[in-house]
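K.L.:
With this note's numbering applied, the sequence shown covers 35 to 285.
Let me begin by handing over the structure; questions about it come next.
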Amino acid sequence: MILYYTGTGNSEYVAQRLAKTSGLPVDCINDRIKAGDHSPISIDGPLVVVTPTYSWRIPRLVRDWLLATPLEGASCIYFVMNCGGNIANAGKYNKEIAQALGLEYRGTAQIVMPENYVAMFQVPDDAESKRIVRAADPAIDQVAALISKGTALVGNKVGLLGRFLSGPVNEGFYKHYIKSEAFHVDVDKCLTCGLCAELCPTNAITLDDTGHPVWGEGCTHCMACICHCPAEAIEYGKKSVGKRRYLCPQD
Ligand SMILES: Cc1cc2nc3c(=O)[nH]c(=O)nc-3n(C[C@H](O)[C@H](O)[C@H](O)COP(=O)(O)O)c2cc1C
């Protein structure tokens, strides 16, 4: 069973391609996370968790959901992390999650996909995004083949910098950087469609009396609201102004 969480579609792309190549069933856990749904999931065969990389580890909200959800029938777990650059020492923490779940750890794969962190960086244009996705396809298929054979994934050697990024930098990122205050909406552009609130995996967005979004506690910086907004009415302080938005290309 392949379970994926996504903000802007890259993890969905990777999970669907893995499913097609491996024949494993696939499911999205965004709605379960949003609803705080920890009802048991029945797993037949290997469990494969596909996620974006948030500050050089799997997103904390996925970790917390996994640790609180009975994964019935699962015996082993693979992690497939997609990223704009690299996952550094994420595997170490994924191994700890596997141990806490009582599952055999079968390794972590890194798949480089387009950068989506528009609150921090420029994101690639359509042509470049498609080029990056096409370049990722063979790596995804290789991971699918290893999973199908039941082979463990072997990670790259991680140096001091990688350990620092996935360790103290990750901790500091969640403590000091992930905040929602900078998000705001241009009411003249906002269509009051409510898509941002609907997509927010942490329910950090509510709609006011006029249907405009208001950001509260719990944001995890997934970039779903800002990138899916059909009117590009959402900004993150001044950092996102004038920048293109990112969604995984559909073809
Ligand atoms: C909050 C946040 C943190 C990120 N941190 C990293 C990172 O540490 N390393 C990296 O290579 N990419 C990082 N990225 C980029 C994403 O992991 C990458 O673009 C991913 O493919 C997005 O997947 P999605 O479309 O399924 O949400 C980050 C993106 C966000 C939004």
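By construction, the Cβ of each residue, glycine as well, lies at the ideal position given by its N, Cα and C atoms.
Rounded to the nearest angstrom, how far is the Cβ of residue 91 from that of residue 124, given a contact under 8 Å?
P.N.:
Contact flag correct, Cβ pair sits at about 5 Å.
K.L.:
Nearest by alpha-carbon distance to residue 272: which of 164, 56, 79, 216 is it?
P.N.:
Selected option, being the one with the closest Cα: 216.
K.L.:
From what residue to what residue does the beta strand (DSSP E) around residue 148 run?
P.N.:
No beta strand (DSSP E) holds residue 148; DSSP gives it neither H nor E.
K.L.:
Please state the DSSP three-state secondary structure of residue 142.
P.N.:
Correct three-state label for residue 142: strand.
K.L.:
Comparing the CB of residue 162 with every heavy atom of ligand 1, is any distance shorter than 8 Å?
P.N.:
For ligand 1, not one heavy atom lies less than 8 Å from the Cβ of residue 162.
K.L.:
Where residue 101 and residue 222 are concerned, what is the direct C-alpha to C-alpha distance, given to the nearest angstrom?
P.N.:
Going from the Cα of residue 101 to the Cα of residue 222 covers about 42 Å.
K.L.:
Residue 61 lies in the beta strand (DSSP E); which residues open and close that run?
P.N.:
Its beta strand (DSSP E) spans residues 60-62.
K.L.:
Could you pull the DSSP bridge partners for residue 90 from this structure?
P.N.:
Its beta-bridge partners do not exist; DSSP assigns none.
K.L.:
Please list, in chain order, all residues of the same chain as residue 104 whose beta carbon is under 6 Å from its beta carbon, the five residues on each side excluded.
P.N.:
Counting only Cβ-Cβ distances below 6 Å, and skipping sequence neighbours, we find 74.
K.L.:
Per DSSP, which residues does residue 218 bridge with? Please list them.
P.N.:
Paired residues: 269.
K.L.:
Assuming residue 42 contacts residue 282 (C-beta within less than 8 Å), just tell me the rounded distance between them.
P.N.:
The Cβ separation is near 6 Å, so the contact holds.
K.L.:
Over the uninterrupted alpha helix (DSSP H) stretch that includes residue 48, give me the two end residues.
P.N.:
Element bounds for residue 48: 44-56.
K.L.:
Look at the alpha carbon of residue 270 and the alpha carbon of residue 131, and state the distance between them as a whole number of angstroms.
P.N.:
The straight-line gap from Cα to Cα measures roughly 32 Å.
K.L.:
I want to know whether the region 227-240 touches the region 249-256 - three or more CB-CB distances under 8 Å.
P.N.:
Yes: the two stretches touch, three or more of their Cβ pairs being nearer than 8 Å.
K.L.:
Name the two residues that bound the continuous beta strand (DSSP E) containing residue 110.
P.N.:
Where residue 110 is concerned, the enclosing beta strand (DSSP E) stretches over 110-117.
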